[in-house]
Structure formats: C-alpha cells, structure tokens
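A quick write-up on the structure given underneath.
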Amino acid sequence: MEQQQISAKKLKAMEKVKRANAELAKVVREEKEQLRKTQDRHKYMMGGCVGKYFPEAYDFSEQEMNRIIACAFSLKDVKNMINTVLKERPDPTVSNDEEEAENDDSDSDETEENDSEESDDDEGGEA
1 MEQQQISAKK
11 LKAMEKVKRA
21 NAELAKVVRE
31 EKEQLRKTQD
41 RHKYMMGGCV
51 GKYFPEAYDF
61 SEQEMNRIIA
71 CAFSLKDVKN
81 MINTVLKERP
91 DPTVSNDEEE
101 AENDDSDSDE
111 TEENDSEESD
121 DDEGGEA
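The numbering of the sequence shown is full-length UniProt numbering, which starts it at 1 and goes up by one.
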C-alpha cells in the first residue's frame, strides 16, 4: 500500500515538473519574442535615420551602402560625434523600459525645438 501512495505522490510531483517546464518554456518564448520586437524596432529606427538624412540610400545596393557607411565612420569628425553622443548619454542606471519611453518623449520635444531653430538657418541658406 505504501508503494502505491508513493507512486501517486511521484505522479503528482512529475505532473508539477511538467507544468513548471511548460511554464518555463512559455516564459522563455515570450522573452525571446520581446527581444526580437525590440531589435526590430531599433533596426527600423536605424533604417529610418539613414533614409531621413541620406534619401539616395535606396538607390544603392547593400555592398555599396556598406562601403559608404564604412568610409563615413572612418572619418575623424564622425568618430568625434559618436564620442560626444556617448558622453551626453543619460545615466546608464536607468534601464526600465517605461522610464526610457518617458525620456524618449521628452527628448523628442527638445529635439523638435532645436531642429526648428536650426532649420530656420538652413532654410535661409537654401532659398
């Protein structure tokens, strides 16, 4: 009789393990999906930036774009700008997605204000 009770307990424990493994697999899938979504958003943002500042990019092949971008990033001015942007980054301890989203909204407002001031100067030169 004890063996049957142990078997029943063992079966229950095995079922719990199966459920826990299924839950773990589900969580891992969800995390991978979220990471993929985040990477895709970032990839589209980078492509949008290239398209915004270099609209002729659509006329080039991937190999040609690689050559152009490699050359651009080898320039001293570009390296200096990268270093400047890295120095101006907010404190890296802020890693919560919600806080970053709030920061992105406020940054875009400031950027739009600065862009409008700069664009007034640019428009005068183009006309």
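Ideal placement from N, C-alpha and C gives every residue a C-beta, glycine not left out. Model, not experiment: these values are computed from the prediction.
Residue range of the unbroken alpha helix (DSSP H) whose run includes serine 61:
One-based indexing of the sequence shown puts residue 61 at position 61. Judged by DSSP secondary structure, serine 61 falls outside any alpha helix (DSSP H); it is assigned neither H nor E.
Just the C-alpha distance for methionine 14 and valine 78, rounded to the nearest angstrom, thanks.
Indexing the sequence shown from 1 puts residue 14 at position 14. Indexing the sequence shown from 1 puts residue 78 at position 78. Straight-line Cα distance between these residues: approximately 59 Å.
Note the first and the last residue of the continuous alpha helix (DSSP H) segment covering leucine 86.
Translated into positions along the sequence shown, residue 86 becomes position 86. Start and end: 76-87.
Quick one: grab the DSSP three-state call for threonine 38.
Counting from 1 along the sequence shown, the entry for residue 38 is found at position 38. When secondary structure is reduced to three states using DSSP, threonine 38 falls in the helix class.
Distance check for alanine 20 and alanine 70, CA to CA, integer angstroms please.
Taking the sequence shown and counting its residues from 1, one reaches residue 70 at position 70. Taking the sequence shown and counting its residues from 1, one reaches residue 20 at position 20. Between alanine 70 and alanine 20, the C-alpha separation is close to 48 Å.
Assigned secondary structure, alanine 8 (DSSP; H/G/I helix, E/B strand, else coil)
Stepping through the sequence shown from its first residue, residue 8 is reached at position 8. Of the three classes helix, strand and coil, the one that applies to alanine 8 here is helix, per DSSP.
Own chain, CB closer than 8 Å to alanine 22, minus 5 neighbours either side, in chain order
Within the sequence shown, the letter at position 22 stands for residue 22. Correct list: empty, nothing qualifies.
Distance, Cα to Cα, glutamate 88 vs glutamate 30?
Stepping through the sequence shown from its first residue, residue 88 is reached at position 88. Stepping through the sequence shown from its first residue, residue 30 is reached at position 30. Inter-residue distance for glutamate 88 and glutamate 30 is about 33 Å (C-alpha atoms, whole angstroms).
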